[in-house]
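Chemist: The structure that follows is given in the form of structure tokens.
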Amino acid sequence: MTYLEFLIIFVSLPLLVSLCAKKLLTKANKSEHLPIALMALVALVYTTPWDNYLIMRGVWTYPTGGVVGVLGYVPIEEYFFMVLQAALGGVLWTSWVPHSRYAKLKFSYTGLLMALLIGLVGALSLIYTAGTYIGLILLWACPPLALQWGLGSHALIKSFKTWAPLWIGLSAYFCMADYYAIYKGVWSITPATRTGWGIGHLPVEEILFFTLTNLFVLQGMCLWRAWRRDAS
């Protein structure tokens, strides 16, 4: 299987089905098009340098014959993956997460501290070669978590029950897709730079990555809605 085939089957088609289902089953809300586009743009801009660094360090690799082309160190398909994954999360969120009374956005020292502690764990993990991948994931996750938890932890906690099932389901789906991709050799994770923990072919680092990326998107959508409520 090539990366393009994987992208079409596991990301593009689910997004297309979700868009069709949204159009048929829910009322159109153009005000929610902007946050979906914003989440996709942020995912692309923020993840691109980090992903290039991962490949430059040899954390993950891909067969040269299995991709359309490369921009920097990263396969072109990977850039589309960043955008489409975020878009899928946003579309599903607008379709299935009910409106609720969000708490007002206010600064949270506790939320900020939790995010910084995650970053600290990531930095300490880099001391060991086997902690390279998990350390880079946690360091990369620290700034968006600090922003989201620092500004909106109250709103996120209050609304957690409304979007937690989607977060769990979406993360599980991408982990299963990732498992298949690794099994089929679409990409691979370098053994020396990971802890060795995982489920079958799926490293724990990949589970953490998709759990966090989906969390960023869904939290971003929630905070957008909370901000709109405050602004109205």
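For the sequence shown, the working numbering assigns the number 2 to the initial residue and increments by one for each residue that follows.
All C-beta atoms in this analysis are idealised placements derived from N, C-alpha and C, irrespective of residue type, glycine included.
As the structure is a computational prediction, the values presented were derived from the model and not from experiment.
#1: Throw me the rounded Cβ distance for the leucine 89 and leucine 26 pair, which I believe falls under 8 Å.
#2: Below 6 Å, is the gap between the Cβ of serine 96 and the nearest heavy atom of the ligand PLP?
#3: Output needed for alanine 147: all residues of its chain with C-beta closer than 7 Å, excluding positions within five of it in sequence on either side, in chain order.
#4: Grab me the residues of tryptophan 51's own chain with a C-beta within less than 6 Å of its C-beta, minus the 5 sequence neighbours each way, in chain order.
#5: Check the Cβ-Cβ distances between histidine 155 and every residue of chain C, and say whether any is below 7 Å.
#6: Give me whichever residues DSSP pairs with isoleucine 190 in a beta bridge.
#7: Looking at the unbroken alpha helix (DSSP H) that takes in glycine 73, where does it start and where does it end?
#8: By the three-class DSSP mapping on this structure, what secondary structure does proline 145 have?
#9: Can you tell me whether methionine 1 is buried or exposed? The criterion is at least 16 other CB atoms within 10 Å of its CB, across all chains shown.
#10: List the DSSP bridge partners of threonine 204.
#11: In the DSSP assignment, the alpha helix (DSSP H) including proline 99 goes from what residue to what residue?
#12: For the segment 4-14 against the segment 180-200, are there 3 or more C-beta pairs whose distance is under 8 Å?
#13: Give me, in chain order, the residues of the same chain whose beta-carbon lies closer than 6 Å to that of phenylalanine 211; leave out the 5 immediate sequence neighbours on both sides.
#14: Within 10 angstroms of its Cβ, does histidine 155 collect 16 or more other Cβ (buried), or is it exposed?
Modeler: Reading from the atomic positions:
#1: Start at 1 with the first residue of the sequence shown, and residue 89 comes out as number 88. Start at 1 with the first residue of the sequence shown, and residue 26 comes out as number 25. Contact doesn't hold; Cβ gap of about 16 Å is too wide.
#2: Absence of the ligand PLP from the depicted structure is noted, as is the absence of any ligand whatsoever, leaving it without description.
#3: Position 146 of the sequence shown, counted from the start, is the residue given in the question as residue 147. Excluding residues within five positions, the ones whose Cβ falls inside 7 Å are Leu113, Ala116 and Leu117.
#4: For the purposes of this step, residue 51 is taken as the residue at position 50 of the sequence shown. If we look at tryptophan 51 and ignore the five residues flanking it on each side, its Cβ neighbours are Trp141.
#5: Judged by its chain identifiers, the structure shown contains no chain C, having just a single protein chain.
#6: Position 189 of the sequence shown holds residue 190. Among the bridge pairs identified by DSSP, isoleucine 190 is matched with Trp61.
#7: The sequence position of residue 73 within the sequence shown is 72, counting from 1. Neither: glycine 73 is in no alpha helix (DSSP H) and is coded neither H nor E.
#8: As a working note, residue 145 is residue 144 in the sequence shown. Proline 145 falls in the helix class under three-state DSSP.
#9: Residue 1 is absent from the structure shown; the chain starts at 2 and stops at 233.
#10: Working through the sequence shown from its first residue, we reach residue 204 at position 203. Checking the sequence, you will find proline at residue 204 rather than threonine. Beta-bridge pairing by DSSP links proline 204 to Gly199.
#11: Taking the sequence shown and counting its residues from 1, the one referred to as residue 99 is at position 98. Membership of proline 99 in any alpha helix (DSSP H) is not indicated, and neither H nor E is assigned to it by DSSP.
#12: In short, these stretches touch, since the Cβ pair count reaches three.
#13: Indexing the sequence shown from 1 puts residue 211 at position 210. Around phenylalanine 211: Ser172, Phe175 and Cys176.
#14: Looking up residue 155 in the sequence shown gives position 154. That one is buried.
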